[in-house]
Amino acid sequence: MNILVLGIGQSLRGDDSVGLETVRLWQAQYPLTAAKVKTEISEIPGIALLDSLAEMDAAILVDAVRSPAPAGTVIRLGPDELVSFTPETAVSHGWGVAETLHLGYAMYPWLVKCRITLFGIVGRNFGLGAPLTPQVRTVILKVAGIVESEIQSLMTDK
Amino acid sequence: MKTIEVPALARVEGEGGLYIGVKDNQVVEIRLDIYEPPRLFEGFLVGRFLQEVPDITSRICGICPVAYQMSSVAALETALGVEIVPQVYALRRLMYCGEYIESHALHIYLLQAPDLLGQPSALDLAAIAPDVVRNALRMKKIGNEILKAIGGRSVHPVNVCVGGFYRWPDASSLKALLPDLEWALEAAKDTVRWSLTLPYPDLEIDYEFVAIHHAEEYALMHGEVLSSTGKKTSVADYEMRYFEEHVQRSNALHGHTANNGTYLVGPLARLNLNHAQLLPAAQAALEDANLKLPLKNPYKSLIARAIELVNFYEEAIQLIKNFYPEGPAHAALTLKAGEGSGMSEAPRGLLYHRYKIDEHGMVKFAKIVPPTAQNLPRIEADLLVLAPKLVNMQQDLATITAEHLVRSYDPCISCATHFLTLRVESME
Chain V
1 MNILVLGIGQ SLRGDDSVGL ETVRLWQAQY PLTAAKVKTE ISEIPGIALL
51 DSLAEMDAAI LVDAVRSPAP AGTVIRLGPD ELVSFTPETA VSHGWGVAET
101 LHLGYAMYPW LVKCRITLFG IVGRNFGLGA PLTPQVRTVI LKVAGIVESE
151 IQSLMTDK
Chain W
1001 MKTIEVPALA RVEGEGGLYI GVKDNQVVEI RLDIYEPPRL FEGFLVGRFL
1051 QEVPDITSRI CGICPVAYQM SSVAALETAL GVEIVPQVYA LRRLMYCGEY
1101 IESHALHIYL LQAPDLLGQP SALDLAAIAP DVVRNALRMK KIGNEILKAI
1151 GGRSVHPVNV CVGGFYRWPD ASSLKALLPD LEWALEAAKD TVRWSLTLPY
1201 PDLEIDYEFV AIHHAEEYAL MHGEVLSSTG KKTSVADYEM RYFEEHVQRS
1251 NALHGHTANN GTYLVGPLAR LNLNHAQLLP AAQAALEDAN LKLPLKNPYK
1301 SLIARAIELV NFYEEAIQLI KNFYPEGPAH AALTLKAGEG SGMSEAPRGL
1351 LYHRYKIDEH GMVKFAKIVP PTAQNLPRIE ADLLVLAPKL VNMQQDLATI
1401 TAEHLVRSYD PCISCATHFL TLRVESME
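Chains V and W are the protein sequences, given in the same order. Under the working numbering, residues 1 to 158 are what the first sequence spells out, in order. Under the working numbering, residues 1001 to 1428 are what the second sequence spells out, in order.
If you want it as structure tokens, here you go:
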């Protein structure tokens, strides 16, 4: 099974870097698993996300999200939820994960066959140059473990 | 009092709003207020080593990182008196081709075309014209692949350094792109033909166009600053003719000429000033288009981008076919105190950098003038021309109409224009 682990974010924008940091930590914590899958740490991939997903059977995405939930809350969106997700704004230049997947599902039938799971970590401070919010920083290790469990589950299910 | 409140412009780099002041049924004031964060880059570059500058400045933009890298190395190489070899220059042009391709394909098809076709977004365009969007994504991807082959990744690519590149990319990985590039060149020619059929709003403005100009090539990195007034300015003298000033109501600096005029940089300026330097396929596309130059309609910058797409696919093919790297990938640097200016044509227009460095190569001063800052007053002026129509429109229509005009500029704050704040106030 071809599995992609993708950390998404912006390293200079506070909590928006949590996806990048989480996947880096997961790589460091689970090097044996990391060697068996494709890993990308991607600053604002935009539509290029679709290129990363090409030829993948499954993908685990980690990204910061905005939500009324407390900072550091981890939200899991599974394949069924992502397929039916409708982005709330039809943005032009800002091709976020939701918009890009929405476009991809419309464009590429193969994408529907890719089991995509998104782990969204609720952020609070996305300011330029800001550090990670403490509540966000404290969940990175936990989410790295969740990512590992997800991969093991995928490998078992194959 | 007539007041139309619209929430803030959303943003990639910042937020902003549009304010229109109306008195006695006349538009008396128009402001595009940009609340984007201050350009901290010029501040935190101070104290950094010069070789960090290309990779730090590339973070200013996710769509045009190469432009920041190229302008910065040009300035720093001037400061050190470094000459780059022709192979390095050719590879830098190839990298720039990749950036133009991915930026222009994105803007033409996924940003501006939906506006012109009455679609709320590219997502809606994809629903009615999936093949068009599918081809656009394939065209854009090739640009990303060029950046990946040279710089390791398409967003914020690495490998560019002062003096050249850290290493030569693998030639075979570049040559493997040729079949897709050949396909894309033909697709780009189709794009030009298609662009001529789009319904552009009527708006003709007498701009002062400004772009880098070179007698023998479609200028990206070498040349002098040419104005459509005929004035030529060397890069060293750029700041004597083109100024930035801080406008109190906005975190974005505004550009203007020495005589306090507005000017336009970007694809319209480049095409109008440099069309004689286009490569043969782009020249043919331009001739077949039967356009009357200069183009003065900001919405028709889409056509200029389409012609540039043809040019840069053709150039990428030529450069890759002739890519046989040999010798060191970068020049040896002798550190010394100095100062240098550099510029290049980002997809959105002229991008200027100036640095001062000390004898250890540490940055003491940095100045970065992006194309968007130079165009902001011009965008406002164009909106002023449009404003009498806007104030008589329903709120939603006025917002979209203003957004479309701003988006045609493809500014680096354009990510904001999906969520424009429009406020019209009657001043009694």
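Yeah, the Cβ is synthetic: ideal placement off N, Cα and C, and Gly gets one too.
Coarse secondary structure for residue i, derived from DSSP in three states
i, result
"residue 1409 of chain W", "coil"
"residue 1366 of chain W", "strand"
"residue 141 of chain V", "helix"
"residue 66 of chain V", "coil"
"residue 1026 of chain W", "strand"
"residue 1212 of chain W", "strand"
"residue 1084 of chain W", "coil"
"residue 1399 of chain W", "helix"
"residue 2 of chain V", "coil"
"residue 119 of chain V", "strand"
"residue 1233 of chain W", "strand"
"residue 1167 of chain W", "coil"
"residue 1288 of chain W", "helix"
"residue 1265 of chain W", "coil"
"residue 1218 of chain W", "coil"
"residue 1101 of chain W", "helix"
"residue 1019 of chain W", "strand"
"residue 1155 of chain W", "coil"
"residue 33 of chain V", "helix"
"residue 1113 of chain W", "helix"
"residue 50 of chain V", "helix"
"residue 8 of chain V", "strand"
"residue 13 of chain V", "coil"
"residue 157 of chain V", "helix"
"residue 60 of chain V", "strand"
"residue 1334 of chain W", "coil"
Residue i burial status per 10 Å Cβ neighbour count (16 or more: buried)
i, result
"residue 1202 of chain W", "exposed"
"residue 1360 of chain W", "exposed"
"residue 1244 of chain W", "buried"
"residue 1382 of chain W", "buried"
"residue 1242 of chain W", "buried"
"residue 1094 of chain W", "buried"
"residue 142 of chain V", "exposed"
"residue 1377 of chain W", "buried"
"residue 70 of chain V", "exposed"
"residue 1049 of chain W", "exposed"
Presumed contact (8 Å Cβ cut-off) between residue i and residue j, rounded CB distance
i, j, result
"residue 61 of chain V", "residue 6 of chain V", "5 Å"
"residue 1311 of chain W", "residue 1218 of chain W", "6 Å"
"residue 1268 of chain W", "residue 1307 of chain W", "Not quite, the Cβ-Cβ distance comes to about 11 Å (not below 8 Å), so this is no contact."
"residue 990 of chain W", "residue 1058 of chain W", "Within the shown structure, residues of chain W are numbered from 1001 to 1428, placing residue 990 of chain W beyond reach of any answer."
"residue 120 of chain V", "residue 47 of chain V", "Rounded, the Cβ-Cβ distance is 20 Å, inconsistent with contact."
"residue 1226 of chain W", "residue 1211 of chain W", "6 Å"
"residue 132 of chain V", "residue 15 of chain V", "6 Å"
"residue 1143 of chain W", "residue 1205 of chain W", "So it is not a contact: roughly 30 Å between Cβ atoms."
"residue 1387 of chain W", "residue 1067 of chain W", "Not quite, the Cβ-Cβ distance comes to about 31 Å (not below 8 Å), so this is no contact."
"residue 54 of chain V", "residue 115 of chain V", "Rounded, the Cβ-Cβ distance is 14 Å, inconsistent with contact."
Residue range of the unbroken beta strand (DSSP E) whose run includes residue i
i, result
"residue 1343 of chain W", "1338-1346"
"residue 1372 of chain W", "No beta strand (DSSP E) holds residue 1372 of chain W; the alpha helix (DSSP H) holding it covers 1371-1390."
"residue 1355 of chain W", "1349-1357"
"residue 40 of chain V", "38-43"
"residue 1226 of chain W", "1224-1227"
Bounding residues of the alpha helix (DSSP H) (the contiguous stretch that carries residue i)
i, result
"residue 124 of chain V", "Careful: residue 124 of chain V lies outside any alpha helix (DSSP H) and carries neither H nor E."
"residue 1134 of chain W", "1130-1151"
"residue 1309 of chain W", "1301-1321"
"residue 97 of chain V", "97-107"
"residue 1056 of chain W", "1053-1057"
"residue 23 of chain V", "18-29"
"residue 74 of chain V", "From DSSP, residue 74 of chain V is part of no alpha helix (DSSP H) but of the beta strand (DSSP E) over 74-77."
"residue 1191 of chain W", "1178-1195"
"residue 1043 of chain W", "1041-1044"
"residue 1239 of chain W", "1238-1241"
Any non-hydrogen atom of the ligand ADP closer than 7 Å to residue i Cβ
i, result
"residue 1110 of chain W", "Among the ligands in the structure shown, none appear at all, so the ligand ADP cannot be discussed."
Contact list for the segment 1148-1182 of chain W against chain V, Cβ threshold 8 Å: Of all residues in the segment 1148-1182 of chain W, 1153, 1154, 1155 and 1156 have a Cβ within less than 8 Å of some Cβ in chain V.
Chain W contacts made by the segment 104-117 of chain V, where a contact means CB separation under 7 Å: Going along the segment 104-117 of chain V in chain order, one finds 106 and 107 with a Cβ nearer than 7 Å to chain W.
Members of the segment 1126-1150 of chain W that neighbour chain V once the beta carbon cut-off is set at 8 Å: Those residues of the segment 1126-1150 of chain W that come within reach of chain V (Cβ to Cβ, closer than 8 Å) are 1126, 1127, 1130, 1133, 1134, 1137, 1140, 1141 and 1144.
Mind checking the segment 1049-1067 of chain W against chain V and listing, in chain order, the residues whose C-beta falls within less than 9 Å of any C-beta there? Only those residues of the segment 1049-1067 of chain W whose C-beta falls short of 9 Å from the nearest C-beta of chain V are listed: 1059, 1062 and 1063.
Below 9 Å between beta carbons is the criterion; list the residues of the segment 43-67 of chain V that meet it against any residue of chain W, in chain order. Residues 43, 44, 45, 46, 47, 48, 50 and 51.
When you check each C-beta in the segment 124-136 of chain V against every C-beta of chain W, which residues fall closer than 8 Å? For the segment 124-136 of chain V, the set of residues with a beta-carbon nearer than 8 Å to any beta-carbon of chain W comprises 127, 128 and 129, in chain order.
Using a Cβ-Cβ cutoff of 9 Å, what residues of the segment 10-27 of chain V are near chain W? List them in chain order. Those would be 10, 11 and 12, in chain order.
What residues in the segment 1281-1309 of chain W bring their beta carbon closer than 7 Å to a beta carbon of chain V? From the segment 1281-1309 of chain W, no residue has a Cβ closer than 7 Å to chain V.
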